[in-house]
Structure formats: C-alpha cells, structure tokens
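Student:
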DNA sequence: CCGCTCATGTCAATCGATTGCACAACTCCT
DNA sequence: AGGAGTTGTGCAATCGATTGACATGAGCGG
C-alpha cells in the first residue's frame, strides 16, 4: 500500500470579463480622466462632489477594479514594497514581517499605501540575486531585506542604485544601507549580567554558528561582560554547527562530560536551549536547580514549557516600525537623510536564570 | 531606563536610471520588436542567431531588465500567482507554501514560469476579500488559497469568476473549486486504529475547535474507528477553544481529574500534545508509560522532544504538488478538466502510542 | 529572368490608467 | 459691463513591451 492515497472529484468553470475605465466612462458619459480623478485619493478634490459620488457608486456597482499594471506603467510607481526573508520558519523573522506588513497597510486608508510582496530567498545558487531582479522587474518602490548576509552585499548594492533598500534584523558591514537591527552584543551582555546579578561564578554559553554575525555578537557581548564581572567562562567557545535543538543536545553532552561544570548556561537561541533541556532530562537533571539556563528570542516554545524559560526578547516591534518608517520616508523622498538604528533587546526573567 | 535603547548612524545615496527597450534598440540600431523577440523564449526563433546573440549580450551588458508591468499590460498575463495564507506561524502551511513556490519556480528555466506572490490574510474585518481584490488588481494569473474557511466562499467565488482559484490544505463545501487537501477523517481514524492495534481499550481525544472543518473531520474519523474497533472513548467531545498548548494543558487537567482515565490520548495537533505533556510532567507523570499519546502534523517540536512523539505526517508534498499542478494546468487552459484530490496522511510511529 | 517562398526585420496599433494643458462656465469685483 | 480668478471637465500624449501586418532581400525552381 502506498503511504499516501488519493480520492478524486472532477468539475469545470467559466470565465468572466472585467470592465475597464474606458467602458465605465462610456457608460457614465464622462471622460476617463474624470473617473481617474474621482477614484484617486489625492486628486479627488478636482472633481465636483456630485459627479464624484456618482462615479464612485457606479464603479463599485459595476465591480470596476483599476488595473494596477497600467497605473504603475504610467505613474512610474507601483506602491509596492518587496520583502525578502531568508527563512519563513524562523519565528522572529515572521513576526517582523507581520509587523512590517501591518505597518505598511495601516495608512492604506489615507493615501495609496504600500502593498507588501513577500518572498523567501531560495537556497539556490543565486537566490538573493534572482529575487532582487524579480522585485525590480515588478517595479517595487522599495525593498526590505531580512537577515541578509555579507555575501549578498554586491547584489543589494546593485539593487540599491535603483530603489531604496532597507535592511532589517541583520545589517551588513560591506555597504552602508539604512537598517533596523538588534544589538546582539548588548543581548549577550544582558544575559551575562543577569548571571552575575544572581551570583553565578562559573558559566558557559552554547553558541550558534560563529559565521553568522548575530551569534558572533551575542558571544562577544557575553564574554565581555563575563570578564568585566569577573566570572569564569567554560568551556570557552563551545560553538555549534547550527542553532537547532539537536546541536543543543550535543553541547549538553559535552558540558556534562566536563570535569568542572558551570552553574549557568546561555543558549544563543531557544532552540539550542530546548536541546540542552532535553539532554538534561535524559540525565535526570532539572533546571534551574542543576543548571540555570537562559535562551534567546522568546519564542513560543520558551513560553509553553512546563517551566517557562528566561530568555531575551527580540525588539521585534521597534525593528519593524523603524524598517517600515525608513521605507515610507525613502519612497516619499529618495534624498531623505535616513538613520540606521540598532535596538537593544530585553531580558524576560522567568526565573530560570537564578541560582538554585 | 527604557526597555529598548537605540543607537544611530546617518548617510545618503544617489539613484540610477534604468534603461528601457527603446534606448537599447537605438544603441543597437535595431527595432524594439526585434529585441522583444530576441529576449523572449518562445519567439526567439524568429530572429537570426547572430543578431539574437548580439542583442542578448548587449542587454545583459547594459543591465537591461524588461518592465514586467508594461509587458503584463500588453500581454494581458502577468505570469504571477497569488498565494494567500491564513497564518504564517503555522509550520504545515509554511511548508506547503515553500513547496508550491519551489514547484512553480522550477520551470523557470524553460518558459516564463510563474512568480509567486505570498501574502498573509490579515485578521481584519475583510482580510480575505481585500487580499483577493489586491491580487486581482495586480493581475495575477491564478490564486492559491491556503486554509480558507466557509466564510470566504463568497469572496473566493467572485475571484474565481475572473482567474483560476485553487484551494489547498483546506477545502470548502459551499463552492466547488479545484483543491488539494488532506483527508483529516482518515487521519483521525489512523490514530484510533493505531491505539486499537496496541490494545488500548479506553482512549480519548483532545479536539481542536470544532468550528474548523479540519478538526471536526479528525474527531469524526477517530470516533468512527473507536466504535468500529469497540474501544471506549472518554470523555466524548473534549473540545478546546484553540489548538494551542495552553489549551492542551487545560484539557489534561480535565482528564486527570476524571475518575476513569484513558490509557491513550490523541491530540489534534502537536501544540495540544505538548500542552498535555507539560501538564503531565507537572503531575509527575510521563509518556507513554502513564498515557500513550499521539499528536498531529509532525512539527519540529514533536521531533526534538527528549521522547519524540508519535504523530501524523501531513501530506505536504502531495498537497503542494497537486496544487501547483492544478494552477499550472488552469493557467495554461482555463477549460482544463481539473480534479480535486484528497491525500491521506501517514502515521509516524515513534513509540509513544504503544501501551506501556 | 520571372515569380515564389522563406527568413529577417520594421511599422504601428495596442494594453489601461494618469496628468499637463486647454477651455468653458461661473463668480466676483470694480 | 468687462476683466480676473476659480472650478470642473475634456483632450490627447505618455508610460514600455508585445505582436499582427507588412516590407525587403536572398535564394531558387522553372
């Protein structure tokens, strides 16, 4: 028996033609120009209120829907923003996308607003480049790139020559683009400081891949504050191949096998923390009694655990709002003197970082 | 101190103009028509190979990028597919979106391919309707709707009059649209059958909201097989307000408080299962020794638990492939005699459904 | 050497909405 | 009454690519 079976149903369907502005104009006995103005938000005042209402009523009645392609062609602006996200499974990224979308849609009421086009970067050879080219061909008015890497610098720079490009969540150093990011160095330091406050003396971190700037910064901030607070960090630089739970489990095994054990563990994200916790359970250990533990990102899983996890909240709202603000400002005026901003994360203390 | 601080950097940037077909034609001393044909995939044979190569070389050199808006306007086709997803945090939905996107991009090599436009249904008053209208204004060639509800029927029907609309993951009964869905009834039955095989006699299910067809079907299938296999189901119809872990926890409390306890529990999704597990742990109980438990969706969390969960794998690949196939066929030929398909899910046995 | 076909290209109309400019009808003011 | 504004609409050009109709010239058989 095949693993998946299928049941089937068959049917058909007939198409319907859409009405265009010319036809609507003919029906109403007015010029297309008048219709265009009556339906627009910024030029509506040029039309007498009586005809304006007549036109609007007729338009909705006839189910008239303007062809945005034609409008874009003529106008040279599409009122569209391309949002490029590296990984749609990442909770933080999706939250940022959501908030940006909500933000951009908000002013849909007054003015034309900006319609977001979301796309995930394929892991193909030239996913980013291809996506950028697609966006530009679609004539987006701006592009927001979430979690770009240094390798994308060239492609992004090229795109930035044509339309505003805004970086969110992760900036890149090779080129200077407007960005809204998180201060991961401060985030790492925040956790170390928390451990210091709770009198931990020997601590360690389970680091995400150090090729990723995010994790590098978290590690640096954590280590810096360790030194400053006179805490001992062991083992130095326990780095993983990926920031996922299975790697967290491996790291836990290493820590448990070591002779000197830390009393507190900082996992670079909640996935790693979860892996660590699972491994602890296998060894009959519990947190925070045997190990204090702090994660990062305040993902759903960290909240729903029987013992909710102390973790670091990513400044999602701030990053999203600033990214959206940058886009709006730059779309309105390409010479806008923008400011890149770095937002500090915030520790959510749920008690698992305290000494037992 | 404010929870989030900000650091700042300021810079500026200058724009660049894009080249259009007319200019490229002037540079090369050929007609725009020749360029159009040389660059197209289907009419390229009308141009001599020498000029074709000359044009292509010059085009890439000049960084010429055709304006898809203009092309769409003239052609009446955008080679674009709108993908509407109800919840981007849902792992199954995102996996389906991903596979559909990958599938649609695949034939980008030969032929123009279809570019997916992804958007999340706002939870606003008329999220679906608004999104559909936006898509239609963008002149998408087809629309794929993931997890539509019966309430969307009217809006979908209207859209379907203009372009092909394909439903994925969840079908609706009010109208007859091509769809690629999962046989949730069979999924529920699968779990009950598994329990029967492992000699459970008294079992129960933690149901997702029964207003959602998905959960209703799972419940029905499970109950049907319970009766057929002569198992006792208690308490009948333990339904939750949302399919999330906190609700699973509440359900667990109810079950533990009851006098006759089941030996096996079917949670309608992995989130509910997780909540149940957490509550068990709080009571010092462990699975599958105290309760056998089976979830649904094979989400990441079910895999990374210290004791990975027996769960039901959603037929993501099948659903995605069929949805993409439907779209491709219908875009090519609106009178295509389509078939809706219902794919059966598959039980992933990780041992937590067996009797202790 | 004539007419014919075929291969290459060019011409110009077209898709649908937007907008600068022109103009008519009115209001006001002296 | 006549000139200066003010409104409200219409006209027509325009955005950039596509494509059916047509022109040109080469090649070729009779």
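Protein chains in written order, with this note's numbering: chain A, 13 to 368; chain B, 13 to 368.
Quick reminder that beta carbons are idealized off the backbone N, C-alpha and C, glycines included.
Since the model is a prediction, treat every value here as computed from it, not as a measurement.
(1) Give me, in chain order, the residues of the same chain whose beta-carbon lies closer than 8 Å to that of residue 25 of chain B; leave out the 5 immediate sequence neighbours on both sides.
(2) With 16 other CB atoms within 10 Å as the buried threshold, where does residue 260 of chain B fall?
(3) For the region 311-329 of chain A, which residues have a CB atom closer than 7 Å to at least one CB atom of chain B, in sequence order?
(4) Please compile the residues from chain B whose C-beta is within a distance smaller than 8 Å of the C-beta of residue 78 of chain A.
(5) Show which residues of chain A have a CB atom less than 7 Å away from the CB atom of residue 82 of chain B.
(6) Counting only beta-carbon separations shorter than 9 Å, does residue 101 of chain B have a partner in chain A?
(7) Would DSSP call residue 287 of chain A helix, strand or coil?
(8) Rounded to the nearest angstrom, how far is the Cβ of residue 276 of chain B from that of residue 212 of chain B, given a contact under 8 Å?
(9) Decide if the region 66-75 of chain B is in contact with the region 35-45 of chain B; the criterion is three or more beta carbon pairs, one per stretch, under 8 Å apart.
(10) Output the residue ranges of the alpha helix (DSSP H) runs that lie fully inside the region 312-337 of chain A and measure 4 residues or longer, sorted by chain position.
(11) Exposed or buried, residue 410 of chain A, counting other C-beta atoms within 10 Å across all chains shown (16 or more means buried)?
(12) For residue 14 of chain B, which residues from the same chain have a beta carbon less than 7 Å from its beta carbon, with the 5 sequence-adjacent residues on both sides left out?
(13) For residue 193 of chain A, count neighbouring Cβ atoms within 10 angstroms of its own Cβ and tell me buried if that reaches 16, exposed if not.
(14) Please check if any C-beta of chain B sits within less than 9 Å of the C-beta of residue 15 of chain A.
(15) Given residue 236 of chain B, which residues of its chain have a CB within under 7 Å of its CB, disregarding the five upstream and five downstream residues?
(16) Among A:315, A:318 and A:356, which one has its Cα closest to the Cα of residue 328 of chain A?
(17) What is the DSSP secondary structure of residue 243 of chain B, counted as helix, strand or coil?
(18) Enumerate in chain order the residues of its own chain whose CB-to-CB distance from residue 319 of chain B is below 6 Å, with the five nearest sequence positions on each side excluded.
(19) Using beta carbons (cut-off 9 Å, strictly below), is residue 174 of chain B in contact with chain A?
(20) Return helix, strand or coil for residue 152 of chain A, following the three-state DSSP convention.
(21) Do the CB positions of residue 93 of chain B and residue 316 of chain B come within less than 9 Å of each other?
(22) How about residue 38 of chain A: is its C-beta nearer than 9 Å to some C-beta of chain B?
(23) Tell me, please, whether the CB atom of residue 111 of chain A is closer than 9 Å to any CB atom in chain B?
(24) Where does residue 342 of chain A sit, in a helix, a strand or coil, going by DSSP?
(25) When you measure from the CB of residue 359 of chain A to every non-hydrogen atom of the ligand MG, does any distance come out below 8 Å?
(26) Residue 106 of chain B and residue 100 of chain A: beta carbons closer than 9 Å?
(27) Just to confirm before moving on: does the CB-CB distance between residue 80 of chain A and residue 149 of chain B stay below 9 Å?
(28) Look up residue 233 of chain B in the DSSP assignment and say whether it is helix, strand or coil.
(29) Verify whether the separation of the beta carbon atoms of residue 129 of chain A and residue 152 of chain A is less than 9 Å.
(30) Determine whether the beta carbon atoms of residue 376 of chain A and residue 171 of chain A lie at a separation below 9 Å.
(31) Enumerated in chain order, which unbroken segments of the beta strand (DSSP E) with a length of 3 residues or greater are wholly contained in the region 24-99 of chain B?
(32) Along chain B, in chain order, which residues have C-beta atoms closer than 7 Å to that of residue 294 of chain A?
(33) Can you name the start and end residues of the alpha helix (DSSP H) that residue 184 of chain B belongs to?
(34) Using the rule of at least 16 other Cβ atoms within 10 Å of the residue's Cβ for burial, across every protein chain shown, is residue 89 of chain A buried or exposed?
(35) At least one CB of chain B closer than 9 Å to the CB of residue 220 of chain A: is that the case?
(36) If you compare alpha carbons, which of A:285, A:326, A:160 and A:97 is closest to residue 132 of chain A?
Tutor: From the atom records:
(1) Summary for residue 25 of chain B: the model assigns pLDDT 48, below 50, so the residue's position carries little reliability, and this model does not support an answer.
(2) The residue is buried, with at least 16 neighbouring Cβ atoms inside 10 Å.
(3) 313, 316, 317, 318 and 327
(4) 149
(5) 85
(6) yes
(7) helix
(8) With a Cβ gap of about 4 Å, residue 276 of chain B and residue 212 of chain B count as contacting.
(9) Here the region 66-75 of chain B lies against the region 35-45 of chain B, with 3 or more beta-carbon pairs under 8 Å apart.
(10) Runs of the alpha helix (DSSP H) inside the region 312-337 of chain A: 312-316.
(11) In this structure chain A extends from 13 to 368, so residue 410 of chain A is not present and cannot be described.
(12) Low local confidence applies: a pLDDT of 46 at residue 14 of chain B is under 50, so the model's placement there is unreliable, and no value is given.
(13) buried
(14) Reliability fails at residue 15 of chain A, whose pLDDT of 49 lies under 50, so the model's placement of it is uncertain and the value that follows must be treated cautiously. Closer than 9 Å to some Cβ of chain B, the Cβ of residue 15 of chain A qualifies, so yes.
(15) Within the same chain, and ignoring the five residues on either side of residue 236 of chain B in sequence, the residues whose Cβ sits closer than 7 Å to its Cβ are 201.
(16) A:356
(17) coil
(18) none
(19) yes
(20) coil
(21) no
(22) no
(23) no
(24) helix
(25) Annotation note on the ligand MG: not contained in the displayed structure, which lists no ligands.
(26) yes
(27) Against a cut-off of 9 Å, the Cβ pair of residue 149 of chain B and residue 80 of chain A comes out as a contact.
(28) helix
(29) Yes, the pair counts as a contact, with Cβ atoms nearer than the cut-off.
(30) The question about residue 376 of chain A has no answer, for chain A in this structure spans 13 to 368.
(31) Within the region 24-99 of chain B, the complete beta strand (DSSP E) runs of at least 3 residues are 92-97.
(32) Near residue 294 of chain A (Cβ distances below 7 Å), the residues of chain B are 318.
(33) Note, residue 184 of chain B: premise wrong, no alpha helix (DSSP H); not H, not E.
(34) exposed
(35) no
(36) A:97
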